[in-house]
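I have placed the structure first, in the form of structure tokens, so that the comments after it can refer back to it.
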Amino acid sequence: MANTILVGAQWGDEGKGKIIDVLTERADIVVRTQGGNNAGHTVFLGPQKYVLHLVPSGILRPRKKCVIGNGVVVDPVGLVGEIEGLRKLGVQIQGNLFVSETAHLVLPYHRELDAQRESLKGRQKIGTTKRGIGPAYGDKAARVGLRLIDLLQPERFEELLRRRIRENNAVLKAFGAKPLSFKKVHADYRQAGDRLAPFVTNTVVWLNEAMRRGADILFEGAQGTFLDIDHGTYPFVTSSNTTAGGACTGSGVPPHRIDRVVGVMKAYTTRVGEGPLPTENAEIADLLHGMGREFGATTGRPRRCGWFDAVATRHAAMINGLDDLAVTNLDGLDTVETLKVCVAYRAHGKRYDHVPSDVETLAACTPVYAEFPGWRAPTTRARRWKQLPVKARQYLKAIAELTGARLAIASVGPARDQTIFV
Ligand code: IMP
Ligand code: MG
């Protein structure tokens with residue numbers, strides 16, 4: 077399959093989990109390179125539903141190797157729980173999962189600080205998943221983070237953790253929050269460390285050696301382009317590089333080894349958490365929520381919904397270098413009479429063809445819409461391009477063209493076979 081980076085072209089929850097699962101068939105290794113257990117990838121295999129947070133969805137295919145790369149922040153207790161859950165469902169983990177020894181740890185004070193900072197922000201809150209992701213990456217950048225390699229050395233870990241808890245308890249005290257017990261955190265984390273030890277290795281060397289032997293790698297992006305810490309709607313973003321470049325820094329695979337970048341996008345737009353969403357629309361939100369769709373996999377929050385935003389996806393195509401597109405959730409639009417697609421923004425009497433950098437300007441943007449006739453027929457049974465209604469094909473072609481990448485996949489439902497290769 078060649079080495080492929082898969083990224084979300086919108087605000088996350090584009091249906092990456094399912095597309096990764098489908099593409100994994102042609103890969104040898106699947107790698108997560110950023111984010112943490114703020115992510116939630118939902119995959120259906122027959123009647124069984126799997127929600128993955130840290131473990132790459134490739135784990136659901138026997139014989140595929142999965143890597144949690146150096147760019148990921150790992151909550152070890154959460155990861156042990158996830159591994160246990162998968163084992164109970166009969167998924168083979170040992171020998172298939174490799175975790176980077178230089179991945180940073182998410183600790184309880186990160187989660188606590190995440191919650192405290194959010195409540196202090198009041199109406200300016202980001203709407204984080206409260207998994208401690210921002211504070212963990214903050215510590216990494218401030219060079220006071222702890223890594224898996226530290227966790228696996230008991231004496232070193234004890235000393236570092238003692239110091240970090242002392243400092244963070246002082247901060248928590250200032251917030252009026254309860255201090256953490258070193259003893260409890262230490263015991264929980266050491267126990268999780270022992271459970272994770274068999275999976276922890278130098279994944280940078282392991283991946284590069286696998287490539288030398290001819291292995292094909294699929295890089296599994298988490299979140300989406302507009303949640304990127306550099307390119308997203310800052311400060312309403314997550315704390316990692318969710319765009320294509322993050323796959324290289326987060327894995328130790330050099331850029332010239334990447335052959336293809338695939339962008340996943342919904343046939344409409346959604347976002348969880350706060351921050352601007354120019355095409356947000358109550359009518360389409362009611363429609364999708366009424367169908368039981370668009371509730372967050374990690375937090376259960378109803379997602380905000382809107383029309384397809386081609387300004388955003390065009391911007392995503394530019395910064396990720398998208399070659400191919402996978403459009404998901406087409407069936408969500410099966411009953412809509414007239415579809416709107418945002419082709420430009422207007423704010424303060426000016427037209428924008430790119431996403432403006434300033435979040436205040438973006439919040440002031442109103443969409444300029446093009447309209448498309450709905451197909452008003454179920455698409456969930458289509459398995460080939462020609463089986464889709466003509467108007468659905470026209471819509472898909474139009475949004476791909478406006479985005480500026482090749483339409484490669486259309487998805488019409490959660491099952492593996494509800495996938496159309498164009
Ligand atoms: P954090 O990543 O928990 O710090 O949250 C920051 C922002 O990113 C919030 O708006 C979250 O809702 C959003 N976010 C984080 N992870 C995901 C994801 O996997 N899908 C969609 N949104 C996410
Ligand atoms: Mg998700």
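Going from the sequence shown to our numbering is simple: count from 1 and add 76. Heads up, the beta-carbon is just placed ideally off N, CA and C, and yes, glycines get one too.
Where do the ends of the alpha helix (DSSP H) carrying residue i lie?
i: leucine 258; result: The residue asked about is misnamed: residue 258 is phenylalanine in this sequence, not leucine. That run of the alpha helix (DSSP H) goes 258 to 272.
i: histidine 365; result: 358 to 366
i: leucine 303; result: Neither: leucine 303 is in no alpha helix (DSSP H) and is coded neither H nor E.
i: cysteine 324; result: 321 to 325
i: isoleucine 209; result: 209 to 217
i: arginine 390; result: 386 to 396
i: glycine 93; result: 92 to 100
i: leucine 136; result: Segment: none, leucine 136 is in no alpha helix (DSSP H) and carries neither H nor E.
Thinking C-beta only, is residue j closer than 9 Å to residue i?
i: phenylalanine 384; j: valine 417; result: yes
i: valine 466; j: proline 311; result: no
i: alanine 392; j: threonine 495; result: no
i: alanine 212; j: glycine 88; result: no
i: valine 131; j: cysteine 142; result: yes
i: isoleucine 475; j: alanine 386; result: yes
i: asparagine 284; j: threonine 204; result: no
i: alanine 263; j: phenylalanine 295; result: no
i: valine 419; j: tryptophan 461; result: no
i: glycine 91; j: alanine 402; result: yes
i: asparagine 317; j: glutamine 110; result: yes
i: tryptophan 451; j: tyrosine 421; result: no
Which stretch, first to last residue, makes up the beta strand (DSSP E) that contains residue i?
i: glutamine 124; result: 124 to 128
i: lysine 426; result: 426 to 428
i: leucine 155; result: No beta strand (DSSP E) contains leucine 155, which is instead part of the alpha helix (DSSP H) from 152 to 164.
i: arginine 347; result: 345 to 347
i: lysine 416; result: 414 to 423
i: threonine 442; result: 442 to 449
i: valine 107; result: 105 to 108
i: glutamate 296; result: 293 to 296
i: arginine 380; result: 380 to 382
Helix, strand or coil for residue i? Go by DSSP, reduced to three states.
i: leucine 228; result: coil
i: leucine 181; result: strand
i: serine 487; result: strand
i: phenylalanine 233; result: helix
i: serine 316; result: coil
i: leucine 464; result: coil
i: valine 340; result: strand
i: aspartate 399; result: coil
i: valine 148; result: coil
i: isoleucine 496; result: strand
i: isoleucine 475; result: helix
i: phenylalanine 275; result: helix
Does the structure place the region 328 to 342 close enough to the region 396 to 404 that three or more beta carbon pairs sit under 8 Å? They touch, by the three-pair rule.
Among all residues, which have a Cβ less than 5 Å from at least one non-hydrogen atom of the ligand MG, and in what chain order do they fall? This selection yields Asp89, Gly116 and Ala373.
Is the region 152 to 165 close to the region 192 to 199, with three or more CB pairs under 8 Å? The region 152 to 165, when compared against the region 192 to 199, does not touch it at the 8 Å Cβ threshold.
So, do the region 216 to 224 and the region 170 to 178 have three or more beta carbon pairs nearer to each other than 8 Å? Taking one beta carbon from each stretch, the region 216 to 224 and the region 170 to 178 have 3 or more pairs nearer than 8 Å; the two touch.
Does the pairing of the region 245 to 254 with the region 180 to 195 give three or more beta-carbon distances under 8 Å? Short answer: they touch.
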